[in-house]
Structure formats: C-alpha cells, structure tokens
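Take a look at the structure below.
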Amino acid sequence: MVFSVGKNKVFSPSGKGESYCIMIPPPNVTGTLHMGHAFQVTLMDILCRYKRMCGFNTLWQAGTDHAGIATQMVVERKLTAQGLSRNDLGREKFIDQVWEWKDQSGNIITKQLRRMGASLDWDSERFTLDEGLSRAVRKVFIDLYNKNLIYKGKKLVNWDPVLQTALSDLEVIQNEEDGKIWTINYKIEDENNFLSIATTRPETLLGDTGVAVNPNDERYKNILEKTL
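Read in my numbering, the sequence shown has 538 at position 103, and its numbers run on one by one without any break.
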C-alpha cells in the first residue's frame, strides 16, 4: 500500500495554495536508518500531512547524502578485502566504485523510508552528488573565490595521513593529555633581575621577539622598553 501510494503521486505538490516546502536532512548512504532517523521522520511527516490537509502546496523532498569521507572509508575497506587500494584503481574507477556502493546502500535507505510510510515526494528525490547539485556547489565556490571571500592558503588543519584529506573538528576525536607548565626567566638588560614567564609551550622560546605587559601595572613599570 505504501509503495502504491508513492507511485500514484498522492504526496506530490498539488500546485495549488500557499507553498510549504521542507527537505529531509539527507541520511548518509554509508549505513541504514536508526531510531534517531525514525523520530525525525515521524515529526516531519506529521507536519507535512497536516499542511496538506490544510490546503498547502506541500513538498517534502527526499534525498541522500554521499558523506564523502565516511563513504570513502567504506569503499576502501571493501577494496582492501580484495587486496586492492584506491591507488590501484585510479580516480575514475574508484569513483565508479563509490557510485556502485551508493546504489546499493542508498536503495536500502529509500526502502526503509517507504516502509515507514513517510509521505515524501519521491519524484523530486535527489542525491548530493547529482550533477545539478554538484554544478551549483562549484558555482558558489567559484563566485565566493572571485569575491575574495574564500581563499586557499597554508593553515593549520586536521589532517588524515591515511585518507590524505582534511577533516572537520566534528570528525576528530579529541584526547586530553596532562601537560607541564614551564617557567622561563628572561634576564633584564643591565640588571641582575629576571622577568619570569610561565608557559605550556617552551618550544616557542626560540621564536620570541617581545614580551607584552600592561603599562599601568606597577610590577612592570621599571622594565618598560628594556631589552630582555
């Protein structure tokens, strides 16, 4: 029944009334739906069904996310089991493997959503690597670059030495480690006194070019503009 309803376009926009449109946060194609998805889909389904009954021109758009790094890891594990690596295949053939995996896993997610009875408009289903979406992303990045709003430069990033790619903070497990605090005595010129500075990064000592202090602090008034 759920499948036939989708085919009969019952959940497609009516083309009449005020528009109401939401997009399902696209599940990653690397796995299957979990309880969190079920809860989220239920809430969105309630909203969309209510809006349809109120006469709104309702679109609930379906879609899946390619989840770049996660998908790459899954596909590479499959290749490793076959004694291959992405370098053995080359870029184009590796991407073909990714699309093959997407077709397998993405269909599972779609079937799960249909079984749940989600009133999505399947005619408008999209995938984040669809040509239209990819073209839009490229255009936005080019426009931002031309406006000097984004740039490429040498910056500190989270780097994965295996996948050879940058990672977001969300994809990095932060480990807290106990450190040490070091006190460095900077000798004051023409004096036998020292200015003591505490730091957790003593390796920066060789790059230090100056010390900043509050000029109104009585402790430092006698050493202002002196060389350490």
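For each residue, glycine too, the CB sits at the ideal point set by N, CA and C.
Note that the structure is a prediction, hence the values are computed from the model and not measured.
So who's on the other strand from I617, going by DSSP bridges?
For clarity, residue 617 is Trp in the given sequence; the question names Ile instead. Note: W617 sits in a beta bridge opposite T634.
Flag this pair as yes or no: are the beta carbons of T545 and T499 separated by less than 9 Å?
yes
Where the beta strand (DSSP E) through I457 begins and ends:
S454 to M458
Quick check on DSSP: helix, strand or coil for S569?
helix
Is C483 near S554, with beta carbons less than 9 Å apart?
yes
Within the continuous beta strand (DSSP E) that includes L494, where are the two ends?
N492 to T499
Is the separation between the beta-carbon of D578 and that of N593 shorter than 9 Å?
no
Do N463 and A502 have their C-beta atoms closer together than 9 Å?
yes
Under the rule that 16 or more other beta-carbon atoms within 10 Å means buried, what is I459, buried or exposed?
buried
Test item: CB-CB of F446 and W495 under 9 Å
yes
Hey, would you say E511 sits closer than 9 Å to R521, going by beta carbons?
yes
Count the other CB atoms within 10 Å of the CB of P448; is the residue buried (16 or more) or exposed (fewer)?
buried
Can you tell me which residues form a DSSP beta bridge with A601?
W594
Does the separation of the CB atoms of L598 and M508 fall below 9 Å?
yes
Can you tell me the Cα-Cα spacing of F491 and K537, whole angstroms?
33 Å
Report yes if the CB atom of T600 is closer than 9 Å to the CB atom of I504, and no otherwise.
yes
In the DSSP assignment, find the alpha helix (DSSP H) that holds E560 and state where it starts and stops.
Premise fails: E560 lies in the beta strand (DSSP E), D556 to F562, not in any alpha helix (DSSP H).
Would the beta-carbon of I616 fall within 9 Å of that of T644?
no
Contact defined as beta carbons within less than 8 Å: I believe D619 pairs with L640. What is the distance between those atoms, to the nearest angstrom?
The displayed chain sequence assigns Ile, not Asp, to residue 619. Rounded, the Cβ-Cβ distance is 6 Å, consistent with contact.
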